[in-house]
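The opening residue of the sequence shown carries number 116 in the numbering used here; numbering runs sequentially from there.
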Amino acid sequence: MAATLISTVPVFALAEDAVYKPAVPGRPVPGASPFDEFSTAEQVTAGMDLTGKTALVTGCNSGLGYETMRVLAMRGAHVIGAARTMEKAATACAEVDGQTTPLVVELTDFEGIVAAANRVAEIDAPIDMLILNAGIMAVPELRQSNGIELQFAVNHLGHFLLANRLQDQVVASQQGRVVVVSSAAHKWGPEEGIQFDNLSGAEDYDPFRAYGQSKVANGLFSREFARRLADTNATSNSLHPGVIKTNLSRFLPPEDESDDEPRRFRYKSIPEGTATTCYVATSPDLAAVTGYYFSDCNPAVPNEHMQNDAMAARLWEVSADLTADYLS
Ligand SMILES: NC(=O)c1ccc[n+]([C@@H]2O[C@H](COP(=O)([O-])OP(=O)(O)OC[C@H]3O[C@@H](n4cnc5c(N)ncnc54)[C@H](OP(=O)(O)O)[C@@H]3O)[C@@H](O)[C@H]2O)c1
């Protein structure tokens, strides 16, 4: 089932007539960029000097997070590289050129997230780029953390808490950016968008639907954060990176290489798969753009659920309740 679903992911290009409902009316509408699905993270940041800027990247030890950290550090940013253990974070940080600081962020550990945010506060620098990248996909059997289905807990709830704890440092930046790595797989989510009455997954669990739901949550969180940050210089946008072979597929059976069924999408390389993240995090063209969704380094239109302001507001309230003991 997994392989079938992966190979039937819809092509992610936008329908010509797809219309996006702005999250924050009055803000600039992002135009087409000079980049596309073949652009790499190095290309979209070419010529940039990020010296003096601070970025925090979750999931820095693997796949897209590692390349994001590598390229931002290469351009001069100080990158706080977050991974689940100090060993993983320190190893990844040591491997890349530039200024990096390892940080432990295990996204199921709310107390640990608070401790991590306190450590970041001690660094006492504005956060110019908060890149919420870590994630897991298609956990085969129902697993829970704090009573919540694991993919929702890791991909959304842990990041929700981390971002809230770091909000003041993002707002303190001249132009702080929250960049949420969602996915076109938000379209795999439940018919109703978010199953608020089944966040435990106990009622009914499907690995891909749960992943899709967590990615809808990423987009809705980013949208609602954009609205809440509207009176500041900070922005919040989400994105789909493309389809890239990384450890994200750890729970999937190995791809059947003998399958000659034509694939409906092209795998991106990791440098290509990191381009949209780095574009959204750094492009001067996006300084005031907030509440949008990007794909292939360009604005894109997610499904209706991810543009549902009422659902975004409800998700925020529910997430705040679920993390209430740790939020402030
Ligand atoms: N690859 C794709 O085709 C694709 C497509 C669309 C969206 N995305 C999104 O891109 C993001 C990055 O994924 P990737 O492809 O780079 O996958 P990856 O190589 O598996 O990296 C995922 C990262 O998340 C970390 N992580 C997992 N569980 C965590 C937890 N409980 N707490 C903290 N960190 C945790 C992993 O740490 P460990 O290594 O320690 O487990 C790893 O560093 C994800 O949000 C994913 O949903 C990827």
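Even glycine gets a Cβ: it sits at the ideal position worked out from N, Cα and C. The structure displayed is predicted, hence computed values, not measured ones.
Cβ contact (3+ pairs, closer than 8 angstroms) linking the segment 292 to 302 and the segment 310 to 317: No, they do not touch.
Environment of Q328 [buried if 16+ CB atoms lie within 10 Å]: buried
Sequence-distant residues of its chain with Cβ nearer than 6 angstroms to S148 (five each side left out): C412, N413
Pairwise C-alpha distance: T397 and E152: 17 angstroms
Alpha helix (DSSP H) runs contained entirely in the segment 172 to 207, provided each spans 4 or more residues: Here the runs fully enclosed are 178 to 189.
Residues sharing a beta bridge with E409, DSSP: Sequence inspection shows Phe at residue 409; the Glu mentioned does not correspond to that position. L354, P414.
8 angstroms CB neighbourhood of A192 in its chain, flanking five on each side removed: L165, T166, K168, T169, A170, G213, Q214, D243, M244
Cβ-Cβ separation, F225 to H271 (assumed contact under 8 angstroms), whole Å: 13 angstroms between Cβ atoms; not a contact.
Heavy atom of ligand 1 within 7 angstroms of S148 beta-carbon: no
Stretch pair the segment 279 to 289 + the segment 196 to 210: three plus CB contacts closer than 8 angstroms: no
Cβ-heavy atom distance, V211 to ligand 1, below 7 angstroms: no
Local conformation of T169 per DSSP, three classes: Under the three-state reduction of DSSP, T169 is assigned to strand.
Exposed unless 16 or more other CB atoms sit within 10 angstroms - verdict on V172: buried
Closest residue to V139 among D424, A439, L437 (Cα-Cα distance): Closest by alpha carbon: D424.
Cβ of S351 within 8 angstroms of any chain C Cβ: In the structure shown, chain C does not exist; there is a single protein chain.
T181 vs M252 beta-carbon contact at 8 angstroms: Note that residue 181 is Tyr in the sequence shown, not Thr. The answer is no: Cβ separation not under 8 angstroms.
Short Cβ contact (8 angstroms threshold) for T350 with T405: yes
Anticipated Cβ contact below 8 angstroms, I228 with Y382, distance rounded: I228 to Y382, Cβ: 32 angstroms. No contact.
For R234, the first and last residue of its enclosing alpha helix (DSSP H): 225 to 238
Beta-carbon gap between A390 and V159 smaller than 8 angstroms: yes
Per-residue burial, S443 [other beta carbons within 10 Å of its own, 16 or more giving buried]: exposed
Simplified DSSP state of S260, which is helix, strand or coil: Note: S260 maps to strand in three-state DSSP.
Three-state class that DSSP yields for V219 in the structure shown: When DSSP states are grouped into helix, strand and coil, V219 belongs to the strand group.
Neighbour-count burial assignment, V293, 16 or more Cβ in a 10 Å radius: buried
Neighbourhood of R280 by C-beta distance below 6 angstroms, restricted to the same chain and skipping five residues each side: A232
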